[in-house]
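Below you'll find the structure, written out as structure tokens, and then a few comments.
Protein chains: 2
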Amino acid sequence: MVVSLKDIAARAGVSLSTVSNVVNGYRPVGEETRIRVQAAIDELGYAPNLSARHLRLGRTGIIALAIPELDNPYFAELAGAAIREATGQGYTLVMEDTGGSYERELLMIDKSRRQIVDGLIFSPVAVSREQVLAHPPATPMVLIGEGVYDVPHDHIAIDNIAASHVAVQHLVSLDRYRIAFIGAQAGDHRQSAHLRLRGYREALAGAGLPWDPALAAPTTAFGRADGLMAMRDLLARTHPPDAVFAYNDLVAIGAMRAVAEAGLRIPEDVAVIGIDDIEEGRFSNPTLTTISPDKEHIGRLAVQSLVARIEGRPVQPPYDVQPPFRLVTRESTLGGLRPVRA
Amino acid sequence: MVVSLKDIAARAGVSLSTVSNVVNGYRPVGEETRIRVQAAIDELGYAPNLSARHLRLGRTGIIALAIPELDNPYFAELAGAAIREATGQGYTLVMEDTGGSYERELLMIDKSRRQIVDGLIFSPVAVSREQVLAHPPATPMVLIGEGVYDVPHDHIAIDNIAASHVAVQHLVSLDRYRIAFIGAQAGDHRQSAHLRLRGYREALAGAGLPWDPALAAPTTAFGRADGLMAMRDLLARTHPPDAVFAYNDLVAIGAMRAVAEAGLRIPEDVAVIGIDDIEEGRFSNPTLTTISPDKEHIGRLAVQSLVARIEGRPVQPPYDVQPPFRLVTRESTLGGLRPVRA
DNA sequence: GACTAACCGTATAACGTTATAGAATTCGAT
DNA sequence: ATCGAATTCTATAACGTTATACGGTTAGTC
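Those protein sequences? They're chains A and B, same order as listed. Going by my numbering, the first residue of the first sequence is number 11, and it counts up by one from there. Going by my numbering, the first residue of the second sequence is number 11, and it counts up by one from there.
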């Protein structure tokens with residue numbers, strides 16, 4: 011049997027309101043009655059009905075995290091941090107996998123889906139800035155990643171251009187001159203691909219290296235298979251690259267596989283660097299040099315910002331945060347055998 | 011402004027009940043009024059308040075998936091399937107990361123946490139059979155994985171012993187005689203480790219190979235780092251193994267890294283096989299031979315079983331399902347260079 | 001001894017929904 | 001004409017919670 015306030019009230023011989031006050035501490039309650047009520051609560055094993063509470067309060071205590079792909083370890087690791095923070099703040103976090111699909115992303119910002127949710131952390135990839143502007147969300151929204159810029163929402167994303175500079179400069183410092191980029195995008199979406207491509211070009215220019223469009227390999231998506239195919243393609247050229255800057259670690263790992271299949275050595279023949287610092291790259295053969303964003307920081311900050319807005323706490327106007335990142339050098343660029351530190 | 015049934019009723023000039031009937035199709039409504047009401051709904055952009063609906067109906071439409079580690083790709087891939095199925099069935103799935111912690115797992119089955127949830131899909135690792143029996147859940151629960159057996163709940167897990175047989179037999183068929191197992195557990199928990207160890211021993215016996223306790227390496231957890239350390243240990247022995255059956259793919263990948271660091275070749279010096287068939291193993295160097303459970307099947311079936319129980323549909327008594335699995339042979343046992351089929 | 005203030009408790013009205021019971025209308029059949 | 005039945009709609013009472021407004025009692029102050 012499910013126990014409600016009414017049962018407790020009857021048992022303790024007080025009114026509904028008093029029990030509610032004991033439970034929530036909203037109003038002072040006499041010491042003696044508090045004890046009596048608490049005893050009844052313990053005996054009957056009362057737990058508040060969240061639907062009722064939420065109906066009354068107008069909030070659900072649930073926030074959503076909408077990401078393009080749960081099976082990308084980057085997002086899985088990020089989600090872990092977000093879940094921990096949300097739990098700590100007294101919220102439940104539900105994850106939505108949009109699959110990077112346009113319709114499912116629109117559904118996310120569409121308010122019909124939001125009746126159940128107090129706020130949304132959203133990593134858009136397919137949807138455009140204009141569409142976000144055209145569908146003002148009914149509840150607060152925090153954006154993560156580089157999908158959409160310049161909208162009136164909190165936004166958390168590393169400085170992609172700066173990160174790309176660091177990556178390319180690292181390859182340049184190793185005397186690589188034919189540096190490819192895998193993950194250039196054709197369409198208008200995936201801002202981050204544009205930004206990383208731009209950072210790549212700027213860094214090349216800064217190093218006095220020529221810009222060769224043939225070395226900017228497009229992909230349809232950003233998984234291991236995409237990196238593999240793009241790299242096979244690059245290696246089949248008459249002048250293959252001597253280094254690769256990959257859109258992310260998954261792409262980089264696919265690319266490394268292609269290099270190995272071609273019978274070439276990493277990094278002697280081709281050096282490889284990615285972005286994300288997923289755990290997989292710490293154990294791959296060779297281990298993967300990467301740009302490491304602080305995922306724990308991003309996940310927690312996203313939840314904190316969202317909760318602050320939900321609870322109407324004093325927050326600045328929508329702000330852009332650029333979490334820190336750092337270069338993590340490993341075998342795929344430095345070479346040698348560098349035992350994993352475990 | 012948030013639109014409720016009342017607003018629609020006023021707009022369309024009908025009663026609350028009629029609008030509700032239009033929305034839910036519970037009672038027949040005249041064609042003309044239906045159109046008028048639908049128009050009002052579209053104009054005002056009505057979406058039902060789920061808290062209110064759930065309060066009234068006594069169900070929340072939310073199911074939880076509690077897994078030990080979101081950053082294990084196996085669970086991430088499984089969760090993807092579960093989310094898809096849940097969405098299709100009209101449920102929202104929330105994920106809970108227990109971290110394999112005893113307290114957080116108990117919290118999951120504890121009913122206080124369940125007020126918000128219609129049912130739970132649970133992959134226990136720390137909690138025991140007795141504890142599950144002692145804390146009867148308030149709502150239906152489906153167990154996945156091998157943590158707990160013989161409890162009155164639906165249970166979905168591959169036949170671990172049979173899977174281990176297949177894995178070890180594969181190694182035997184390649185003329186390996188010193189086959190190690192990584193992932194033996196000391197404590198009473200992690201049934202699956204026991205089962206896989208048992209399958210390993212049975213298969214050895216079946217092949218007429220001796221049982222050497224020194225080759226059963228325990229680990230504290232089941233990640234890449236654990237496989238790495240255990241393998242380093244095994245390779246430092248006077249008689250190192252010529253093959254390794256790892257508790258799962260993550261452990262296998264850590265083990266492969268250790269073999270590479272030791273300057274040995276896979277599979278010539280040491281063959282490696284895992285369980286799970288995570289995508290990572292399809293692109294690793296070398297690619298990883300593994301036992302592939304049908305994750306899509308498991309995820310969907312878990313949700314289907316749970317929803318059937320929640321909705322009180324005719325279901326058999328709690329049943330045990332053993333989803334199919336198959337051996338996927340790759341470079342880590344077969345050797346050679348086998349280009350990834352992409 | 002009356003007035004205020006503080007304290008503690010309660011009755012009640014929402015929050016938005018749906019199920020039940022029933023009211024109003026129409027239509028056939030007697 | 002009248003009754004029963006079918007059809008379409010509506011009023012109302014919950015579901016369990018919390019905020020508001022108010023009723024008592026006690027203590028303190030002039």
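For glycine and all other residues, C-beta sits at the position ideal for the given N, C-alpha and C.
Euclidean distance between Cα positions of Asn82/A and Ile72/A: 24 Å
Bridge partners - Ala74/A, DSSP secondary structure assignment: Val104/A and Leu130/A
Using the three-state DSSP reduction, which class does Arg6/A fall into: helix, strand or coil? Nothing can be reported for residue 6/A: it is not among the residues displayed for chain A, which extend from 11 to 352.
With a threshold of 8 Å between beta carbons, is Glu271/B in contact with chain A? yes
Can you tell me where the alpha helix (DSSP H) with Phe293/A in it begins and where it stops? Glu290 to Phe293
Could you tell me whether the stretch 125-138 of chain A touches the stretch 300-318 of chain A, using the rule of 3 or more Cβ pairs below 8 Å? Contact holds between the stretch 125-138 of chain A and the stretch 300-318 of chain A, because three or more Cβ pairs, one in each stretch, are under 8 Å apart.
Mind listing the chain B neighbours of Val350/A? Cutoff is C-beta to C-beta under 7 Å, in chain order. Residues of chain B passing the Cβ test: Leu238 and Arg267.
Looking at C-beta atoms only, is the number of pairs between the stretch 293-303 of chain A and the stretch 239-259 of chain B that lie closer than 8 Å three or more? No contact exists between the stretch 293-303 of chain A and the stretch 239-259 of chain B.
Reduced DSSP secondary structure (H/G/I, E/B, other) of Ile18/A: It is helical.
Taking only beta-carbon atoms, is Ser61/A less than 8 Å away from chain B? A Cβ of chain B is located within less than 8 Å of the beta carbon of Ser61/A.
At the level of alpha carbons, what is the spacing between Leu316/A and Ala167/A? Leu316/A and Ala167/A have their C-alpha atoms some 15 Å from each other.
Take the Cβ of Thr102/B as the centre, count every other Cβ of all protein chains shown within 10 Å, and call the residue buried at 16 or more, exposed below. Residue environment: Thr102/B is assigned as buried (16 or more neighbouring CB atoms within 10 Å of its CB, all protein chains considered).
Can you look up Pro146/A in the DSSP assignment and give me helix, strand or coil? coil
Against chain B, with Cβ distances strictly below 8 Å, would Ala89/A count as a contact? Chain B contact via Cβ: present.
Using a Cβ-Cβ cutoff of 7 Å, what residues of the stretch 70-83 of chain B are near chain A? List them in chain order. Answer set for the stretch 70-83 of chain B: Thr70, Leu80, Asp81 and Pro83.
With which residues is Ala228/B paired in a DSSP beta bridge? Note that residue 228/B is Pro in the sequence shown here, rather than Ala. Looking at the DSSP assignment, Pro228/B forms a beta bridge with Ala194/B.
With the cut-off set at 8 Å, would you say Ile276/A and Arg234/A are in Cβ contact? In terms of Cβ geometry, Ile276/A and Arg234/A do not form a close pair [threshold 8 Å].
Using the beta-carbon of each residue, which ones in chain B are nearer than 7 Å to Gly264/A? Phe293
Do the stretch 173-188 of chain B and the stretch 251-260 of chain B meet, that is, are 3 or more Cβ pairs less than 8 Å apart? yes
Against chain B, with Cβ distances strictly below 8 Å, would Leu347/A count as a contact? yes
Limits of the unbroken alpha helix (DSSP H) element including Val261/B: Asp259 to Glu271
Where does Asp279/B sit, in a helix, a strand or coil, going by DSSP? coil
Just tell me which of Ala256/A, Val280/A and Gly55/A has its CA closest to the CA of Asp286/A. Nearest to Asp286/A by C-alpha distance, out of Ala256/A, Val280/A and Gly55/A, is Ala256/A.
Could you tell me which residues DSSP pairs with Thr300/B in its beta bridges? Gly284/B and Val338/B
Alpha-carbon to alpha-carbon, Val280/B and Ser342/A: Cα to Cα, the separation comes out at about 24 Å.
Does Ala217/B come out as helix, strand or coil in the three-state DSSP assignment? coil
If you measure from the beta carbon of Met241/B to each beta carbon in chain A, is any gap under 8 Å? no
In the DSSP assignment, find the alpha helix (DSSP H) that holds His165/A and state where it starts and stops. Unbroken run through His165/A is the beta strand (DSSP E), Asp164 to Ile166; no alpha helix (DSSP H).
Mind reading off the beta-carbon distance from Ala173/B to Gly216/B? Whole number of angstroms is fine, and I expect it under 8 Å. That pair is no contact at about 14 Å.
For Asp236/A, does the three-state DSSP call read helix, strand or coil? helix
Simplified DSSP state of Ala253/B, which is helix, strand or coil: strand
DSSP-derived helix/strand/coil call for Leu364/A: Nothing can be reported for residue 364/A: it is not among the residues displayed for chain A, which extend from 11 to 352.
Proximity test, Cβ basis, 8 Å: His64/A and chain B: yes
Note down, in chain order, all residues in the stretch 273-307 of chain B with a beta-carbon under 7 Å from any beta-carbon belonging to chain A. Shown in chain order are the members of the stretch 273-307 of chain B whose Cβ falls below 7 Å from a Cβ of chain A: Glu289, Glu290, Phe293, Ser294 and Asn295.
Amino acids of chain A, ordered along the chain, whose beta-carbon sits closer than 7 Å to that of Ala86/B: Leu80, Asp81 and Ala86
Beta carbon of Val182/A, beta carbon of Gly157/A: below 8 Å? no
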